[in-house]
Amino acid sequence: MKRHQNLLMALAVVVLVALPLWMVHKPAPGPDGKEAEIFAGADSQAEGLIGRIDPGYRPWVKPLMEPPSGEIETLLFALQAALGAGFIGYWYGSASTRARLQREQETTTSC
Amino acid sequence: MHIMEGFLPAKHCIAWGIASAPFVAYGLRTVTKRVREYPEQRMLIGVAAAFTFVLSALKMPSVTGSCSHPTGTGLGAILFGPAAMAPIGAVVLLFQAILLAHGGLTTLGANIFSMAIVGPFAAAAIYRLVRAARLPFGVAVFLAATLGDLLTYVTTSVQLALAFPDPVGGFWASFTKFATVFAVTQVPLAISEGFLTVIVCNALARLNPRELQEMRVATGSEQEVQA
Numbered sequence: 030m031k032r033h034q035n036l037l038m039a040l041a042v043v044v045l046v047a048l049p050l051w052m053v054h055k056p057a058p059g060p061d062g063k064e065a066e067i068f069a070g071a072d073s074q075a076e077g078l079i080g081r082i083d084p085g086y087r088p089w090v091k092p093l094m095e096p097p098s099g100e101i102e103t104l105l106f107a108l109q110a111a112l113g114a115g116f117i118g119y120w121y122g123s124a125s126t127r128a129r130l131q132r133e134q135e136t137t138t139s140c
Numbered sequence: 325m326h327i328m329e330g331f332l333p334a335k336h337c338i339a340w341g342i343a344s345a346p347f348v349a350y351g352l353r354t355v356t357k358r359v360r361e362y363p364e365q366r367m368l369i370g371v372a373a374a375f376t377f378v379l380s381a382l383k384m385p386s387v388t389g390s391c392s393h394p395t396g397t398g399l400g401a402i403l404f405g406p407a408a409m410a411p412i413g414a415v416v417l418l419f420q421a422i423l424l425a426h427g428g429l430t431t432l433g434a435n436i437f438s439m440a441i442v443g444p445f446a447a448a449a450i451y452r453l454v455r456a457a458r459l460p461f462g463v464a465v466f467l468a469a470t471l472g473d474l475l476t477y478v479t480t481s482v483q484l485a486l487a488f489p490d491p492v493g494g495f496w497a498s499f500t501k502f503a504t505v506f507a508v509t510q511v512p513l514a515i516s517e518g519f520l521t522v523i524v525c526n527a528l529a530r531l532n533p534r535e536l537q538e539m540r541v542a543t544g545s546e547q548e549v550q551a
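From first to last, the protein sequence lines stand for chains A and B.
If you read the first sequence in the working numbering, its first letter stands for residue 30, the second for the next number, and so on.
If you read the second sequence in the working numbering, its first letter stands for residue 325, the second for the next number, and so on.
What follows is the structure, encoded as structure tokens:
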């Protein structure tokens, strides 16, 4: 039952991620011929919004270092996710093995 | 929810920094005390931190046509209490600010406040409320993680609206605009985070029942465990 539930929830996450890709269509290029961008980051959209609310505002500090390209940025984000996923995998593997050994020990001692 | 480097006036940066610092300091104390008392819980603190690492690295598309990421702070808030997530979230935000130019050092205080303080405190409070209403463990975890995530983004919208009130409509007009960018985009992602948190909590209830009991996280399967 629980296993079933987990599978359904995992599926729901996949659907929630895939649905926008299928629902949102790229708008036609504007009159200036520039391609409209979709699925941009909300953080950078907020930056644009600040520029519209307060056109005189200039950021007063620059990031210490910026990833030299989009590829490098992807590399670092992938690294971050891999570190996290790696640890969760390690915990799951060791915890489930521990649970299994405990069960086996209980059945042999009770016999 | 990352406010970019330089995009918050200096006064606001200082104010949010002062607001966040005591939470991080207190959280750090509770985490070290817990590790000293229950060394076997170290692994689960690692799991909570790792979950935040993964989820905050995943930028997912949303129905609004933009991308954002979940926060993953609800899990740790439910397990260890909200204060523990302040230092953990701070580490994640620092990593992103320094290496990824995502967020920033001057906006660190504001970002910690939304992601590592408001989110976890909301999640922990909602979890308790739902459990007090005698609803199942899974439902409580789902609502806590989902709403905690969403409230993080509402907080970011408030922070930006306070710094950049609309010249005509003031704070509220500005808040509506930022909330449309952040909070509405976040709705499907927050639901995803809710589901993922329940999946991990189900695994924890199955594999680490003893630790959860120590942490007084009642999963509803205690009889099973004792039997």
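For every residue, glycine included, the Cβ atom is placed at its ideal position computed from N, Cα and C.
Q: Inspect the beta-carbon positions of T470 of chain B and G400 of chain B and report whether they are closer than 8 Å.
A: Counting from 1 along the second sequence, the entry for residue 470 of chain B is found at position 146. Counting from 1 along the second sequence, the entry for residue 400 of chain B is found at position 76. No, the Cβ-Cβ distance between T470 of chain B and G400 of chain B is not below 8 Å.
Q: Give every residue of the same chain whose Cβ lies closer than 7 Å to the Cβ of P512 of chain B, excluding the five residues on either side of it in the sequence, and list them in chain order.
A: Your numbering for residue 512 of chain B matches position 188 in the second sequence. Same-chain partners within the cutoff: S386, V387.
(Q) Can you check which of these residues, B:L379, B:S390, B:T354, B:L453, is closest to K55 of chain A by C-alpha distance? (A) Within the first sequence, numbered from 1, the residue matching residue 55 of chain A stands at position 26. Closest option to K55 of chain A, Cα to Cα, is B:S390.
Q) Roughly how many angstroms lie between the CA atoms of H336 of chain B and Q131 of chain A, to the nearest whole one? A) Position 12 of the second sequence, counted from the first residue, corresponds to residue 336 of chain B. Position 102 of the first sequence, counted from the first residue, corresponds to residue 131 of chain A. The alpha-carbon atoms of H336 of chain B and Q131 of chain A are separated by roughly 54 Å.
Q. How about L520 of chain B: is its C-beta nearer than 8 Å to some C-beta of chain A?
A. By 1-based counting over the second sequence, the position of residue 520 of chain B is 196. Output row for L520 of chain B: interface = yes.
(Q) Quick check: what's the CA-CA separation for M367 of chain B versus Y119 of chain A? (A) Here the question's residue 367 of chain B lines up with position 43 in the second sequence. Here the question's residue 119 of chain A lines up with position 90 in the first sequence. Approximately 10 Å, taken between the alpha carbons.
Q. Which class does S390 of chain B belong to by DSSP, given the choice of helix, strand or coil?
A. Position 66 of the second sequence, counted from the first residue, corresponds to residue 390 of chain B. Reduced to three states, the DSSP call for S390 of chain B is strand.
Q | Residue interval of the alpha helix (DSSP H) (run including L78 of chain A) | A | Within the first sequence, numbered from 1, the residue matching residue 78 of chain A stands at position 49. Run containing L78 of chain A: 71–82, per the alpha helix (DSSP H) assignment.
Q: Check the Cβ of C391 of chain B against every Cβ in chain E and list those closer than 8 Å, keeping chain order.
A: Going by chain labels, chain E is absent from the structure shown, which instead holds the protein chains A and B.
Q) E329 of chain B touches chain A at which residues, Cβ-Cβ below 9 Å? A) Your numbering for residue 329 of chain B matches position 5 in the second sequence. Per Cβ cutoff of 9 Å: P88, V90, K91, P92, L93.
**Q.** Rounded Cβ spacing between S516 of chain B and L45 of chain A (contact assumed at less than 8 Å)
**A.** By one-based count along the second sequence, residue 516 of chain B stands at place 192. By one-based count along the first sequence, residue 45 of chain A stands at place 16. About 5 Å; that satisfies the 8 Å criterion.
Q) For D490 of chain B, does the three-state DSSP call read helix, strand or coil? A) Looking up residue 490 of chain B in the second sequence gives position 166. D490 of chain B falls in the strand class under three-state DSSP.
**Q.** Local conformation of P88 of chain A per DSSP, three classes
**A.** By 1-based counting over the first sequence, the position of residue 88 of chain A is 59. Looking at P88 of chain A - three-state DSSP - the assignment turns out to be coil, as it is neither helix nor strand.
Q) Can you find a C-beta in chain B that's less than 8 Å from the C-beta of S125 of chain A? A) Taking the first residue of the first sequence as position 1, residue 125 of chain A is located at position 96. With 8 Å as the cut-off, S125 of chain A counts as an interface residue toward chain B.
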